[in-house]
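Protein chains in written order, with the working numbering: chain A, 1 to 337; chain B, 338 to 674.
The beta carbon of each residue, even a glycine, is placed where N, CA and C say it ideally should be.
Take a look at the structure set out below.
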DNA sequence: TTGTAAGCGTTATCAA
DNA sequence: TTGATAACGCTTACAA
């Protein structure tokens with residue numbers, strides 16, 4: 001903890017024998033300063049161990065150089081899902097080489113108040129919203145306060161003007177998974193869905209349905225899960241009870257796929273010999289333990305990266321290529337299908 | 338995005354027919370303002386939808402009302418470990434009711450530069466460091482810049498002055514787990530350690546050793562893991578090869594315990610009938626899928642909470658009870674032992 | 001109880 | 001290329 005007050009621009013100016021303005025120019029890399037002066041100033045900066053004061057800078061330039069990361073109220077889920085962690089990872093990676101910093105903002109029970117106050121205070125230049133749930137209406141409002149990029153399509157809600165967002169191709173991923181299962185010769189294919197109040201779950205189910213229909217297969221073996229391992233195990237039991245002859249299952253995320261695997265093992269089914277299993281996410285859960293899951297990779301970190309990238313464009317008044325960006329999903333073949 | 342400039346204190350003052358100072362007092366809840374005036378000011382604030390400018394406030398008060406969360410360079414590990422997620426959760430929960438905000442700072446490859454610059458710029462009032470690895474020396478330096486609280490004992494490194502930190506009782510937890518196994522009648526007890534460059538792994542091994550020695554049991558069945566599921570599975574195989582008659586195993590974290598369970602299943606051992614298994618962490622992995630793990634709970638979120646709490650004390654010039662705080666660990670009995 | 005006025009450390013606008 | 005000199009929006013003695 002520093003005891004003496006930190007050096008100011010003024011002190012550096014005095015030490016270098018120039019004006020404050022000049023030091024400011026040097027600090028900000030202005031091209032029109034004589035090399036000689038630049039040198040003198042830099043020496044003084046180093047000698048005094050000078051670091052610009054952020055608040056003063058923000059106040060004068062009206063730029064906070066900070067971005068808010070808004071997290072849904074449902075804290076528990078956010079932290080327990082490796083998917084979110086990867087998104088955050090991607091965001092921080094994109095921001096790393098920039099001067100922007102990330103402010104973690106867990107939208108409280110009263111987002112209207114604290115969050116709005118925060119964003120309104122000029123504390124941040126923009127916001128990133130990571131939320132899967134439909135119904136986080138409050139968050140939508142925020143995009144009227146500062147430039148905002150959403151993770152996941154927020155336009156499924158009504159009354160929305162154009163919003164910026166990045167999403168992954170959930171439908172396409174589910175299609176690939178299902179087609180793969182069919183290619184494998186499976187015909188009695190079921191699916192375990194995610195929590196249906198999240199658009200990702202709905203889209204994945206849609207993809208599965210489309211391919212099943214195309215192939216003229218029975219698409220009635222649907223059981224609803226909740227994106228947790230236990231939920232996946234329970235849904236799998238339900239599926240097995242209804243269709244004991246099932247030879248494949250597309251599970252809407254890896255966590256549930258793990259649970260499904262356990263149910264299958266307990267029921268004496270060999271994977272993938274008897275029943276092939278494909279998960280979704282290619283998260284940590286897919287490869288942390290054997291058997292390694294065949295799954296649909298949605299590059300969550302890329303999503304975070306793309307979100308930050310889009311926001312950066314917005315903040316630089318550089319218009320992003322487009323308001324939305326859909327990232328591809330790819331099937332990753334491993335041991336379960 | 339607002340197009341018109343946001344209202345200032347000055348504008349509120351004008352609207353309410355009082356001075357700037359008075360508005361400031363009202364905003365900051367000063368007691369010596371007549372109720373009548375308070376009312377008028379608040380009305381004006383609401384009417385203008387006024388939100389104080391953070392930068393101006395910070396500049397004038399020399400308080401950033403922000404806390405940095407420093408994350409180790411090894412990004413991947415941080416994000417894939419549910420333990421860290423819980424710590425962050427605890428931190429945000431403690432900070433929720435305060436006016437402090439959290440700044441996520443992933444210490445880059447060159448922490449000396451960007452991080453120091455950041456902390457030095459008066460951007461934050463204090464810092465929280467979450468790191469398990471020994472050797473993050475650079476981070477230690479930071480505690481000379483701003484008040485800092487560490488998660489995990491940083492004093493194992495040399496040349497350290499007094500530091501503030503919160504840790505969990507790893508030794509005690511391992512002891513409880515091992516004693517439980519003995520109480521169960523198990524005598525041929527092995528252990529799978531974590532990555533030995535982390536002090537938590539070392540402490541857990543120590544706890545196991547102590548109890549084994551006390552009980553006069555053979556403590557040679559030690560296999561080293563790396564805190565991942567695959568590592569745990571491999572270590573378990575090694576243990577089984579060396580000691581086929583093993584009747585219990587203490588695994589240094591839940592992720593590895595999951596892997597160990599798979600190895601045991603493949604080897605035809607029933608859990609807990611043939612081999613009892615106790616994990617560590619009580620993380621997400623312990624209960625996400627069956628069987629639910631008997632494990633040692635280290636309340637990671639409490640750790641985050643305690644870290645933030647200690648820092649808050651520091652920032653309020655309230656001296657914390659003590660410079661260090663060791664949180665208890667408790668054995669959670671479930672299905673595997 | 002309220003107001004005046006002097007900062008807080010930068011950036012930005014002019015001149016020079 | 002450099003230097004005065006205003007802002008920027010708020011807090012905080014110090015007066016009244």
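Inset, instruction - Count the other CB atoms, across all protein chains shown, that sit within 10 Å of the CB of residue 49 (chain A); report buried if there are 16 or more and exposed otherwise. - result: Numbered from 1 along the first chain, position 49 holds the residue referred to as residue 49 (chain A). Taking all protein chains in view, the Cβ of residue 49 (chain A) is surrounded by fewer than 16 other Cβ atoms within 10 Å, so the residue is classified as exposed.
Legend entry - Stretch pair the region 590–603 of chain B + the region 561–573 of chain B: three plus CB contacts closer than 8 angstroms: Touching, per the Cβ criterion.
Inset, instruction - Could you check how far apart the C-beta atoms of residue 106 (chain A) and residue 125 (chain A) are, in whole angstroms? I think they sit under 8 angstroms. - result: Along the first chain, one-based indexing puts residue 106 (chain A) at 106. Along the first chain, one-based indexing puts residue 125 (chain A) at 125. In fact, because the Cβ distance is near 20 angstroms, the residues do not count as touching under 8 angstroms.
Legend entry - Partners in chain A for residue 599 (chain B), counting only beta-carbon separations shorter than 8 angstroms: Here the question's residue 599 (chain B) lines up with position 262 in the second chain. Going along chain A in sequence order, the residues near residue 599 (chain B) (Cβ under 8 angstroms) are 289, 290.
Inset, instruction - Could you tell me the distance, in whole angstroms, from the CA atom of residue 369 (chain B) to the CA atom of residue 355 (chain B)? - result: On the second chain, position 32 is the one that residue 369 (chain B) refers to. On the second chain, position 18 is the one that residue 355 (chain B) refers to. About 15 angstroms.
Inset, instruction - Alpha carbon to alpha carbon, how far is residue 486 (chain B) from residue 437 (chain B)? Give it in angstroms, no decimals. - result: One-based indexing of the second chain puts residue 437 (chain B) at position 100. One-based indexing of the second chain puts residue 486 (chain B) at position 149. Rounded to the nearest whole angstrom, the CA to CA distance from residue 437 (chain B) to residue 486 (chain B) is 15 angstroms.
Legend entry - Closer than 7 angstroms at the beta carbon, the chain A residues around residue 389 (chain B): Locating residue 389 (chain B) in the second chain gives position 52, where the first residue counts as 1. Residues of chain A whose Cβ lies closer than 7 angstroms to the Cβ of residue 389 (chain B) are, in chain order, 121.
Inset, instruction - Just grab the DSSP bridge partners of residue 148 (chain A) for me. - result: As a first step, residue 148 (chain A) must be located in the first chain, where it is residue number 148. In the DSSP assignment, residue 148 (chain A) is bridged to A:127.
Inset, instruction - State buried or exposed for residue 159 (chain A), treating a residue as buried only when at least 16 other CB atoms are found within 10 Å of its CB. - result: Numbered from 1 along the first chain, position 159 holds the residue referred to as residue 159 (chain A). Any reading at residue 159 (chain A) must be qualified, since the residue scores a pLDDT of 47, below 50, and its modelled position is unreliable; no value is offered.
Inset, instruction - Report buried or exposed for residue 338 (chain A), applying the criterion of at least 16 other Cβ atoms within 10 angstroms of its Cβ. - result: Because chain A spans 1 through 337 in this model, residue 338 (chain A) falls outside it and cannot be assessed.
Legend entry - Delimiting residues of the beta strand (DSSP E) encompassing residue 240 (chain A): Indexing the first chain from 1 puts residue 240 (chain A) at position 240. Residue 240 (chain A) -> not in any beta strand (DSSP E); alpha helix (DSSP H) instead, spanning 229–242.
Legend entry - Between the CA atoms of residue 284 (chain A) and residue 314 (chain A) - distance to the nearest angstrom: Locating residue 314 (chain A) in the first chain gives position 314, where the first residue counts as 1. Locating residue 284 (chain A) in the first chain gives position 284, where the first residue counts as 1. Each residue's Cα considered, the two are about 32 angstroms apart.
Inset, instruction - Assign residue 20 (chain A) to one of three DSSP states: helix, strand, or coil. - result: For this step, residue 20 (chain A) is matched to residue 20 along the first chain. Helix, per DSSP.
Legend entry - Beta-bridge partners of residue 325 (chain A), as assigned by DSSP: In the first chain, residue 325 (chain A) corresponds to position 325, counting from 1. In the DSSP output, where bridge partners are listed per residue, residue 325 (chain A) has A:166.
Legend entry - Three CB pairs or more closer than 8 angstroms across the region 341–355 of chain B and the region 287–304 of chain A: Fewer than three Cβ pairs drawn from the region 341–355 of chain B and the region 287–304 of chain A lie within less than 8 angstroms of each other, which leaves the two stretches out of contact.
Inset, instruction - Could you tell me which chain B residues have their CB closer than 7 angstroms to the CB of residue 338 (chain A), listed as they occur along the chain? - result: What the structure shows of chain A is the stretch from 1 to 337, and residue 338 (chain A) is not part of that stretch, so it cannot be assessed.
Inset, instruction - Tell whether a beta-carbon distance below 8 angstroms holds between residue 583 (chain B) and residue 546 (chain B). - result: As a position in the second chain, residue 583 (chain B) is number 246, starting the count at 1. As a position in the second chain, residue 546 (chain B) is number 209, starting the count at 1. Not closer than 8 angstroms, so no.
Inset, instruction - Tell me whether residue 180 (chain A) is buried or exposed, calling it buried when 16 or more other Cβ atoms sit within 10 Å of its Cβ. - result: Working through the first chain from its first residue, we reach residue 180 (chain A) at position 180. So residue 180 (chain A) ends up on the buried side.
Legend entry - Distance between residue 270 (chain A) and residue 104 (chain A) (C-alpha atoms, nearest Å): Residue 104 (chain A) sits at position 104 when you count from the first residue of the first chain. Residue 270 (chain A) sits at position 270 when you count from the first residue of the first chain. In a straight line, the C-alpha of residue 104 (chain A) is about 44 angstroms away from that of residue 270 (chain A).
Legend entry - Contact under 8 angstroms by Cβ, residue 589 (chain B) with residue 613 (chain B): Within the second chain, residue 589 (chain B) is the residue found at index 252, counting from 1. Within the second chain, residue 613 (chain B) is the residue found at index 276, counting from 1. In this structure, residue 613 (chain B) does not lie closer than 8 angstroms to residue 589 (chain B) by Cβ.
Inset, instruction - Flag residue 365 (chain B) as yes if its beta-carbon sits less than 8 angstroms from any beta-carbon of chain A, otherwise no. - result: Position 28 of the second chain, counted from the first residue, corresponds to residue 365 (chain B). The beta-carbon of residue 365 (chain B) is placed no less than 8 angstroms from the nearest beta-carbon of chain A.
Inset, instruction - Could you confirm whether any beta carbon from chain A is found closer than 8 angstroms to the beta carbon of residue 661 (chain B)? - result: Against the second chain, residue 661 (chain B) aligns to sequence position 324. No - not a single Cβ of chain A is within 8 angstroms of the one on residue 661 (chain B).
Legend entry - Against chain A: residues of the region 538–559 of chain B by CB proximity under 9 angstroms: So nothing in the stretch comes that close.
Inset, instruction - Report the three-state DSSP secondary structure of residue 196 (chain A) (helix, strand or coil). - result: Translated into the one-based positions of the first chain, residue 196 (chain A) becomes position 196. Three-state result, residue 196 (chain A): coil.
Inset, instruction - Using a Cβ-Cβ cut-off of 8 angstroms, state whether residue 319 (chain A) counts as contacting chain B. - result: In the first chain, the residue the question calls residue 319 (chain A) occupies position 319. Judged by the 8 angstroms Cβ criterion, residue 319 (chain A) is not in contact with chain B.
Inset, instruction - Round the Cβ separation of residue 207 (chain A) and residue 171 (chain A) to the nearest angstrom and send it over; I've been treating them as touching at under 8 angstroms. - result: As a first step, residue 207 (chain A) must be located in the first chain, where it is residue number 207. As a first step, residue 171 (chain A) must be located in the first chain, where it is residue number 171. Indeed they touch by this definition, with Cβ atoms about 4 angstroms apart.
Inset, instruction - Using three-state DSSP, classify residue 175 (chain A) as helix, strand or coil. - result: Translated into positions along the first chain, residue 175 (chain A) becomes position 175. Helix at residue 175 (chain A).
Inset, instruction - Just tell me which of B:481, B:549, B:655 has its CA closest to the CA of residue 500 (chain B). - result: Locating residue 500 (chain B) in the second chain gives position 163, counting from the first residue. Nearest of B:481, B:549, B:655 to residue 500 (chain B), Cα basis: B:481.
Inset, instruction - From the DSSP output, in three-state form, read off residue 490 (chain B) for me. - result: The residue given as residue 490 (chain B) occupies position 153 in the second chain. Coil, per DSSP.
Legend entry - Limits of the beta strand (DSSP E) - the one that residue 223 (chain A) falls within: Start at 1 with the first residue of the first chain, and residue 223 (chain A) comes out as number 223. For residue 223 (chain A), the enclosing beta strand (DSSP E) starts and ends at 222–224.
Legend entry - CA-to-CA distance, residue 430 (chain B) to residue 289 (chain A), given in whole angstroms: Position 289 of the first chain, counting from 1, holds the residue named residue 289 (chain A). Position 93 of the second chain, counting from 1, holds the residue named residue 430 (chain B). Our two residues, residue 289 (chain A) and residue 430 (chain B), have alpha carbons roughly 31 angstroms apart in a direct line.
Inset, instruction - Residues of the region 294–305 of chain A with a CB closer than 7 angstroms to any CB of chain B: list them in chain order, please. - result: Within the region 294–305 of chain A, contact with chain B at the beta-carbon level (separation under 7 angstroms) is assigned to no residue.
Legend entry - Neighbour-count burial assignment, residue 446 (chain B), 16 or more Cβ in a 10 Å radius: Here residue 446 (chain B) refers to the residue found at position 109 when the second chain is read from its first residue. Annotation note: pLDDT 49 at residue 446 (chain B) (below 50); position unreliable, coordinate value reported separately. Exposed.
Legend entry - Cross-strand partners of residue 44 (chain A) (DSSP beta bridge): Numbered from 1 along the first chain, position 44 holds the residue referred to as residue 44 (chain A). When DSSP reads this structure, residue 44 (chain A) sits in no beta bridge, so it has no partner.
Legend entry - Euclidean distance between Cα positions of residue 400 (chain B) and residue 664 (chain B): Taking the second chain and counting its residues from 1, the one referred to as residue 400 (chain B) is at position 63. Taking the second chain and counting its residues from 1, the one referred to as residue 664 (chain B) is at position 327. In this structure, the CA atom of residue 400 (chain B) is about 30 angstroms from the CA atom of residue 664 (chain B).
Inset, instruction - Using DSSP bridges, identify the partner residues of residue 103 (chain A). - result: As a position in the first chain, residue 103 (chain A) is number 103, starting the count at 1. According to DSSP, residue 103 (chain A) bridges with A:68, B:440.
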